[in-house]
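Working notes, beginning with the structure itself.
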Amino acid sequence: MEIFLQLLFSFIFTACFGVIFNAPTKAIPYCGLVGSIGWIVYYVLMDYGVTTEVQSSFIGAFIVAIVAQVFARRFKMPMIIFNVSGIIPLVPGGIAYNTMRNIVELDYNLGIQNGMRAFMISGAIAMGLVFAEVIIQLVMRMFNKGKTSMQTYARAKRREKGGHL
Amino acid sequence: METKEQNYEMALDTFLLAGKIMMESGAETYRVEDTMLRMARSQSIEDAQSYVTPTGIILSLGRRQITKITSISTRITDLHKIAKVNSVSRKLSSKIITLEEAYDELRKIQKTNYFLPVHLQILAAAIASSCFMVLFNGLWSDIPAAFVAGGVGYFVVIIIQDMTKVKFFSEFFASLVVGFIASLAVHFDLGSEMDKIIVGSVMPLVPGVLITNAVRDLMAGHFTAGIAKGTEAFLTAFAIGSGIAIVVAF
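First to last, the sequence lines map onto chains E and G. To convert, note that position 57 of the first sequence is 57 in the UniProt record's numbering; the numbers rise steadily by one, no gaps. To convert, note that position 135 of the second sequence is 135 in the UniProt record's numbering; the numbers rise steadily by one, no gaps.
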């Protein structure tokens, strides 16, 4: 029940960010899907205490990038559209806020501690995104050798379409 | 000879315009570079070189060809424009449209405002802020307060950004207003956890995209761009933090 609730609200949350970042209208539901898949992975990992928050963020972002890549290829849109809103639930906004608050209240020790946490988590998110992207590129290159450039890819696609018509 | 030179100039303008629109819409640096060079290769201009930073682009078509600079003064997140430019670049690369058609399309993209109506954006920000309460173990009773604070916060950003054109200023005021509304809500018993309400409501302003883009640029070897974007993200975070800080301190 709880997981279902989390899925639903992370979907709405991410889709709203899709609207704020002005994603193309037909991509907005898929932005929501990307975000909710990434968040549910993070949530389950954290809930069962499998990994720490940094590792969970890394894995969540990794999943976000993979799903984003799938949608990007499917809709022929740049990947940034899907992963920018997809990572929003993982972004450590709360911790960053606590950092600022601690510093204002002159509790520098706790502030540095929280700041480090926020830094590590956002670093992990970015690492997850880049890792996934690189691995996907490697795998794709293995699958279609010689078809590395977008131009040949597009040309092949066009030929394929022509063949069907 | 004359026509060939004109052609080169047209090509350079087209590639540079594509790069400018993408950079202004918040695309990653390596994507901008990749798009411009890919378009150049499709027009059989093989040795084009580009230097892309978040504040300007330099593009040269080769050793004996012309070079142009364009400056980039505003940067927002507009994924729709990135998608549009991307599709123009794809069409040009696969020779579906000509260079002239691509230039016209890019000019049209540059002039058009693809943003959804403002009230829809504000509604989205408000809903996002209230969803945050559920995701981060907030109380269900805090949802209305977060809804109002998030919506008003985003509204203030849009209004002040329009008036002053200074990003730091608009974010500072928005977070100030968010903090004020949250503390009012707690004061009048309409909400109970002020921290969570504030965090949820500033989420639409938080520079999460900038931070991740900065790190990705750094990893791709675009150190100038990475540092510049990181600085912008830090400034934004600082603006939000100091706005909230003023409310918290009193």
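Cβ atoms here follow ideal geometry from the backbone N, Cα and C, with glycine treated the same way.
- Nearest CB-CB separation between V157/G and chain E: not below the 8 Å threshold.
- For Y30/G, the three-state secondary structure derived from DSSP is helix.
- Residue-level contact check: M23/G does not touch chain E, since none of the beta carbons of chain E fall below 8 Å from its beta carbon.
- Its chain contains L59, L61, I66 and K68 as the residues whose beta carbon lies nearer than 7 Å to that of L12/G, once the 5 sequence neighbours on both sides are disregarded; these appear in chain order.
- For S130/G, DSSP assigns no beta-bridge partner whatsoever.
- Under DSSP, V52/G forms a beta bridge with I57/G.
- The three-state secondary structure of S44/G, taken from DSSP, is coil.
- A straight-line Cα-Cα distance of about 12 Å links G60/E and S122/E.
- Closer than 8 Å to the CB of A132/E there is not a single CB belonging to chain G.
- The C-alpha of H187/G lies about 51 Å from the C-alpha of A18/G.
- Residue D195/G holds the alpha-carbon nearest to the alpha-carbon of V247/G among D195/G, A48/G and T231/G.
- Looking at the DSSP output, S71/G bridges to G56/G.
- Within the same chain, no residue comes within 6 Å of I227/G by CB-CB distance, once the 5 residues on both sides are set aside.
- According to the DSSP assignment, V186/G belongs to the alpha helix (DSSP H) that extends over K167 to H187.
- According to the DSSP assignment, G200/G belongs to the alpha helix (DSSP H) that extends over M194 to V202.
- Under the three-state reduction of DSSP, I96/G is assigned to coil, being neither helix nor strand.
- Our two residues, N98/E and S25/G, have alpha carbons roughly 30 Å apart in a direct line.
- Residue state for T99/E is assigned as helix, using DSSP reduced to three classes.
- The beta-carbon of M46/E is placed no less than 8 Å from the nearest beta-carbon of chain G.
- One finds Q6, F9, S10, F13, W39, Y43 and P89 in chain E with Cβ atoms closer than 9 Å to the Cβ of L135/G, taken in chain order.
- If you check the CB distance, L205/G and G138/G do not come in under 8 Å.
- The C-alpha of M120/E lies about 16 Å from the C-alpha of I88/E.
- Contacts with chain E (Cβ-Cβ distance below 7 Å) from the region 108-142 of chain G involve Y114, F115, L116, L120, Q121, A124, A125, I127, A128, C131, F132, V134, L135 and F136, listed in chain order.
- If you draw a straight line from the Cα of S57/E to the Cα of N114/E, it is about 16 Å long.
- Pairing I197/G with D189/G, the inter-Cα distance amounts to about 13 Å.
- Ranked by Cα distance from V177/G, the first of S201/G, F168/G, K165/G and T164/G is S201/G.
- Annotation: K76/E to L16/G spans about 22 Å, alpha carbon to alpha carbon.
- Each residue's CA atom was taken as its position, placing G93/E and G49/E some 21 Å apart.
- With contacts defined as CB atoms closer than 8 Å, F147/G and A124/G fail to qualify as a contacting pair.
- Burial of I40/E is indicated by the presence of at least 16 other C-beta atoms within 10 angstroms of its C-beta.
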